[in-house]
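Student: Got a structure here, written out as structure tokens. Questions coming.
Numbering (full-length UniProt numbering), first residue to last: 1 to 271.
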């Protein structure tokens, strides 16, 4: 009898506990429903079934069916590009991170504007660049720079007119340039990588319209102009002399007759 009483007592306690848990869950659900009703009353009563991330999703990941769940959402609280049909998002590649429970938007699958646009026939390569090496950090995407490799012994022009595709300063707001991405010929990539590992790279911004030739052609032009000017001056002096007429004859020395003109000496000899 005592054992039966113990069993009945334990069963009664279990039923009481289950009833308490059920009442607690009912009260919690009632609070949730009340909060939802208040939100619906405040923000509008329309609800829409939308796609929500079932887990954290990383940028570049392709969304599959296991990562999507549908839930009812207040229409007025949804973003403009919220996905309402799972077929609109499944199989798409994400362009940014999505956290668990976030409403999936078609904008998340759009290609970021920061994606590199590598010119045809070129290769993109990133090299380290401190601000002092990148013209004080003023190198920006779209510029064309000359790249110099310098070492303990010599400095060499590595690449001329390389297009800047991106910089760390442009990627991170307020950051200084720590790397620069350039567009170079594919056959030059190995050379640039070797130079970046063993030497220091400096970036020069040529003047608008092209840089001054390094072979000294401008200096040669200046040196050649002086002889040309002198040659031009000499004919001018001759021309002035011809305009003035025949040059004055040098007077004969004292005691000597002047030389006869127009063949007079020849006639005197015949006489």
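A virtual CB, placed ideally from N, CA and C, is assigned to each residue, including glycine.
Should residue 132 be labelled buried (16 or more other beta-carbon atoms within 10 Å of its own) or exposed?
Tutor: Taking the first residue of the chain shown as 1, we reach residue 132 at position 132. Exposed, because fewer than 16 other Cβ atoms sit within 10 Å of the Cβ of residue 132.
Student: Using three-state DSSP, classify residue 147 as helix, strand or coil.
Tutor: Mapped onto the chain shown, residue 147 falls at position 147. In the structure shown, residue 147 sits in a strand (DSSP, three-state: E or B).
Student: Can you tell which of 138, 95, 205, 16 has its C-alpha closest to the C-alpha of residue 62?
Tutor: For the purposes of this step, residue 62 is identified with residue 62 of the chain shown, where counting begins at 1. Residue 95 is the option with its Cα nearest to residue 62.
Student: Just mark residue 181 as buried or exposed, buried being the case when its beta carbon has 16 or more other beta carbons within 10 Å.
Tutor: Residue 181 sits at position 181 when you count from the first residue of the chain shown. Label assigned to residue 181: buried.
Student: What are the residues that DSSP puts in a beta bridge with residue 126?
Tutor: The residue given as residue 126 occupies position 126 in the chain shown. DSSP output for residue 126 lists 181 as bridge partner(s).
Student: Just curious, the alpha helix (DSSP H) that residue 191 is in, first and last residue?
Tutor: Locating residue 191 in the chain shown gives position 191, where the first residue counts as 1. Residue 191 -> alpha helix (DSSP H) spans 189-198.
Student: Exposed or buried, residue 155, counting other C-beta atoms within 10 Å across all chains shown (16 or more means buried)?
Tutor: The residue labelled residue 155 in the question sits at position 155 within the chain shown. Exposed, by the Cβ-count rule.
Student: Return helix, strand or coil for residue 92, following the three-state DSSP convention.
Tutor: As a position in the chain shown, residue 92 is number 92, starting the count at 1. Residue 92 falls in the coil class under three-state DSSP.
Student: Measuring CB to CB, does residue 130 end up less than 9 angstroms from residue 159?
Tutor: By one-based count along the chain shown, residue 130 stands at place 130. By one-based count along the chain shown, residue 159 stands at place 159. Result no, Cβ atoms of residue 130 and residue 159 do not sit closer than 9 angstroms.
Student: Going by C-alpha to C-alpha distance, which of 34, 69, 46, 48 sits closest to residue 56?
Tutor: In the chain shown, the residue the question calls residue 56 occupies position 56. Out of 34, 69, 46, 48, 69 has the C-alpha closest to the C-alpha of residue 56.
Student: Which residues bound the beta strand (DSSP E) around residue 160?
Tutor: In the chain shown, the residue the question calls residue 160 occupies position 160. Its beta strand (DSSP E) spans residues 155-167.
Student: Is residue 161 closer than 9 angstroms to residue 146 when the C-beta atoms are compared?
Tutor: Here the question's residue 146 lines up with position 146 in the chain shown. Here the question's residue 161 lines up with position 161 in the chain shown. Yes.
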